[in-house]
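S.K.: Numbering-wise, my numbering puts 1608 at position 214 of the sequence shown, and it's gapless, one number per residue. Idealized CB from N, CA, C, for every residue including glycine. Quick caveat: nothing in here was measured; it's all calculated off a predicted structure.
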Amino acid sequence: MKHIETIIVGAGPCGLSAAIELEKNGLDYLVIEKGNIAQAIFNYPTHQTFFSSSEKLSIGDFPFITEAHKPKRNQALVYYREAVKHFDLNINTYEEVTSGRKENSRFILESSKGRYSCKYLIIATGYYGQPNALNVPGEHKAKVSHYFKEAHPFFNQNVLIIGGKNSSVDAAIELEKADSNVTVVYRQDAYSQSVKPWVLPQFDSLVKHEKINMHFSTDVKDIKNDSVVLEKNGETFEIVNDHVFAMIGYRPDYRFLQSLGIELNENEFGTAPYHNPGTMETNVNGLYIAGVIAAGNDANTIFIENGRFHGVRIADDIFRKEKES
Ligand SMILES: Cc1cc2nc3c(=O)[nH]c(=O)nc-3n(C[C@H](O)[C@H](O)[C@H](O)COP(=O)(O)OP(=O)(O)OC[C@H]3O[C@@H](n4cnc5c(N)ncnc54)[C@H](O)[C@@H]3O)c2cc1C
1395 MKHIETIIVG
1405 AGPCGLSAAI
1415 ELEKNGLDYL
1425 VIEKGNIAQA
1435 IFNYPTHQTF
1445 FSSSEKLSIG
1455 DFPFITEAHK
1465 PKRNQALVYY
1475 REAVKHFDLN
1485 INTYEEVTSG
1495 RKENSRFILE
1505 SSKGRYSCKY
1515 LIIATGYYGQ
1525 PNALNVPGEH
1535 KAKVSHYFKE
1545 AHPFFNQNVL
1555 IIGGKNSSVD
1565 AAIELEKADS
1575 NVTVVYRQDA
1585 YSQSVKPWVL
1595 PQFDSLVKHE
1605 KINMHFSTDV
1615 KDIKNDSVVL
1625 EKNGETFEIV
1635 NDHVFAMIGY
1645 RPDYRFLQSL
1655 GIELNENEFG
1665 TAPYHNPGTM
1675 ETNVNGLYIA
1685 GVIAAGNDAN
1695 TIFIENGRFH
1705 GVRIADDIFR
1715 KEKES
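#1: Which whole-angstrom value describes the C-beta separation of Ile1556 and Val1614, a residue pair presumed to lie in contact below a C-beta threshold of 8 Å?
#2: Ignore the nearest five residues each way along the sequence and tell me which others in Ile1698's own chain have a CB closer than 6 Å to its CB.
#3: Helix or strand or just coil, what does DSSP make of Pro1595?
#4: With a threshold of 7 Å (Cβ to nearest heavy atom), would Val1478 be considered close to ligand 1?
#5: Output the distance between the C-alpha atoms of Ser1539 and Ile1435, rounded to the nearest integer angstrom.
#6: As a quick exercise: from Leu1528, Lys1396 and Lys1466, pick the residue whose alpha carbon is nearest that of Arg1509.
#7: Three-state secondary structure (DSSP) at Ile1656?
#8: With H, G and I counted as helix, E and B as strand and the rest as coil, what does DSSP make of Leu1424?
#9: Given the structure, does Gln1442 come close to ligand 1, in the sense that its CB is under 7 Å from one of the ligand's heavy atoms?
#10: Since I believe Tyr1521 is in contact with Ala1693 (beta carbons under 8 Å), could you give me their beta-carbon distance rounded to a whole number of angstroms?
#11: So is the beta-carbon of Pro1739 under 7 Å away from any non-hydrogen atom of ligand 1?
#12: Kindly give me the distance between the Cβ atoms of Asn1550 and Asp1573, rounded to whole angstroms, as I take these residues to be in contact under 8 Å.
#13: Please determine, among His1704, Gln1433, Thr1612 and Thr1440, the residue with the shortest C-alpha to C-alpha distance to Thr1673.
#14: Identify which residue in Asp1647, Pro1671 and Asp1710 has its Cα closest to the Cα of Ser1493.
#15: Pick out whichever of Ser1506, Lys1513, Val1491 and Tyr1488 has its Cα sitting closest to the Cα of Arg1500.
#16: Thinking Ser1511 and Glu1489 are a contact (beta carbons under 8 Å), I'd like their distance in whole angstroms, please.
#17: From which residue to which residue does the alpha helix (DSSP H) around Pro1667 run?
#18: Which residue wins for smallest C-alpha separation from Lys1618, given the options Ala1684, Asn1468, Ala1536 and Leu1651?
#19: Report yes if the CB atom of Ala1688 is closer than 8 Å to the CB atom of Ala1412, and no otherwise.
#20: Based on Cα-Cα distance, which residue from Lys1543, Lys1590, Arg1649 and Val1638 lies nearest to Asn1575?
#21: Whole angstroms is fine: what's the gap from Asn1526's alpha carbon to Glu1718's?
#22: If you pair each beta-carbon of the segment 1623 to 1637 with each one of the segment 1650 to 1666, do three or more pairs fall below 8 Å?
#23: Beta-carbon within less than 6 Å of Tyr1473's beta-carbon, same chain only, minus the 5 sequence neighbours each way: which residues are those?
#24: For Phe1663, is the classification buried or exposed, using 16 other Cβ atoms within 10 angstroms of its Cβ as the cut-off for buried?
#25: According to DSSP, is Pro1525 helix, strand or coil?
#26: Secondary structure at Tyr1648, three-state DSSP: helix, strand or coil?
#27: According to DSSP, what are the bridge partners of Asp1613?
#28: Relative to the alpha-carbon of Glu1675, which residue among Asn1691, Leu1651, Val1686 and Ile1708 has its alpha-carbon at the smallest distance?
#29: How is the alpha helix (DSSP H) around Ser1561 delimited, first residue to last?
#30: Answer yes or no: the CB of Gln1433 versus the heavy atoms of ligand 1, is any distance below 7 Å?
#31: Quick one: measure Cβ to Cβ for Lys1466 and Gln1442, integer angstroms, because I've assumed they're closer than 8 Å.
#32: With burial defined as no fewer than 16 other Cβ atoms inside 10 Å of the residue's Cβ, what is the status of Ser1448: buried or exposed?
#33: Whole angstroms is fine: what's the gap from Leu1624's alpha carbon to Glu1476's?
#34: Leaving out five residues before and five after Asn1627 in sequence, what residues of the same chain have Cβ atoms less than 7 Å from its Cβ?
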């Protein structure tokens, strides 16, 4: 078993940012990532433009300069690769942490490639790997996806998008451009407040011109092979359907957090892991969380923009503990 002082699980922007701060403080650390760095961003829609400016996506004060104010997915991928090279970060990629526990004052981690012990553990695993369930018949059919990449395969296809936030709106606009027959269903009776204000008018115009079929206050009841059953104001109706995008959000891997002893709190938005916001330490001594995972079910409160600063708080706390010990 290999001992490393601090292990960071997850090499998304927030895990990388924590690694940079540990590196700057001369602390011993290793990042373990199940995919490659910035895997969640790699999984974004291919042509995604960030809603944040490049400066607000930068980590470790390493400049992210783009000609346009808001960068595209590909530019961010280049940027995070360059940041890893610039800071010469210690990362094991394509290695999944499969379990963890605390034994005396050490954490023991099992991964797909080995066993580790560490004094400090930082969980920065995000939420993108665990899509929320629809809990309706047919949701596991091959035609149902929780991730949208590109519109081309859906040319001349009947596509249902479930959800009314940014991922749904962005996908609907892309699909309409590719001549898909797009229907969007949303449980709420109006557009979500979180939809990007510069995108909403474009989407709304497509709805008004009947290029996108929009159904508010509508639930999905059944996903059949060639159709979907919907319910609106107590009435059910069926529409023909080839593909479903269930863009209904994601949630952290709570089982992993709980197996490490992290307490989950209930707040007005649902579940969130307990942590001290000043240090990002959880109720387990030496165990920290970084990035969007700290938001629990309310992923709309932590993004790269603010989650990138968690690493500074964590590194300061570890540095202080080490000096005092
Ligand atoms: C389409 C889209 C557009 C967005 N645009 C913006 C934007 O403009 N601005 C903004 O600030 N935010 C934006 N976000 C949100 C942003 O992507 C997330 O807040 C951000 O990725 C969170 O970073 P993170 O490091 O906490 O987690 P992630 O980026 O999700 O990284 C977690 C990492 O952990 C790895 N991992 C998970 N489990 C394990 C395991 N068991 N073992 C090893 N590794 C593991 C994953 O592979 C992943 O690489 C957007 C999100 C989406 C979906």
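M.R.: In short, the structure shows the following:
#1: About 6 Å; that satisfies the 8 Å criterion.
#2: The answer, listed in chain order, is Pro1407 and Leu1451.
#3: The answer is helix: DSSP assigns Pro1595 an H, G or I state.
#4: Outside the cutoff, so no.
#5: In this structure, the alpha-carbon of Ser1539 lies about 17 Å from that of Ile1435.
#6: Ranking the options by Cα distance to Arg1509, first place goes to Lys1396.
#7: Coil.
#8: Leu1424 falls in the strand class under three-state DSSP.
#9: At least one heavy atom of ligand 1 lies closer than 7 Å to the C-beta of Gln1442.
#10: That pair is a contact at about 6 Å.
#11: Residue 1739 is absent from the model: the chain starts at 1395 and stops at 1719.
#12: Their Cβ separation, rounded to whole angstroms, is 6 Å, which keeps Asn1550 and Asp1573 in contact under 8 Å.
#13: Closest by alpha carbon: His1704.
#14: Closest in alpha carbon position to Ser1493, among Asp1647, Pro1671 and Asp1710, is Asp1647.
#15: The option with the nearest alpha carbon to Arg1500 is Lys1513.
#16: For Ser1511 against Glu1489, the beta-carbon gap comes to about 16 Å, at or over 8 Å, which does not count as contact.
#17: Premise fails: Pro1667 lies in the beta strand (DSSP E), Gly1664 to Pro1667, not in any alpha helix (DSSP H).
#18: Among Ala1684, Asn1468, Ala1536 and Leu1651, the Cα nearest to that of Lys1618 belongs to Ala1536.
#19: Between Ala1688 and Ala1412, the C-beta spacing is not below 8 Å.
#20: Relative to Asn1575, the option among Lys1543, Lys1590, Arg1649 and Val1638 whose CA is nearest is Val1638.
#21: Their backbone Cα atoms lie some 43 Å apart in a straight line.
#22: At 8 Å Cβ cutoff, the stretches do not touch.
#23: Cβ within range, chain order: Phe1458.
#24: By the 16-neighbour rule on beta-carbons within 10 angstroms, Phe1663 is exposed.
#25: The answer is strand: DSSP assigns Pro1525 an E or B state.
#26: Residue state, collapsed to three classes: helix.
#27: Its beta-bridge partners are Glu1625.
#28: When only C-alpha atoms are compared, the closest one is Ile1708.
#29: Asn1560 to Lys1571 is the extent of the alpha helix (DSSP H) around Ser1561.
#30: It does: the Cβ of Gln1433 is within 7 Å (strictly closer) of some heavy atom of ligand 1.
#31: A Cβ-Cβ distance of about 7 Å is found for the pair Lys1466 and Gln1442, placing them in contact under the 8 Å criterion.
#32: Flag for Ser1448 reads buried.
#33: Rounded to whole angstroms, the separation of the alpha carbons of Glu1476 and Leu1624 is 47 Å.
#34: Ser1611, listed in sequence order.
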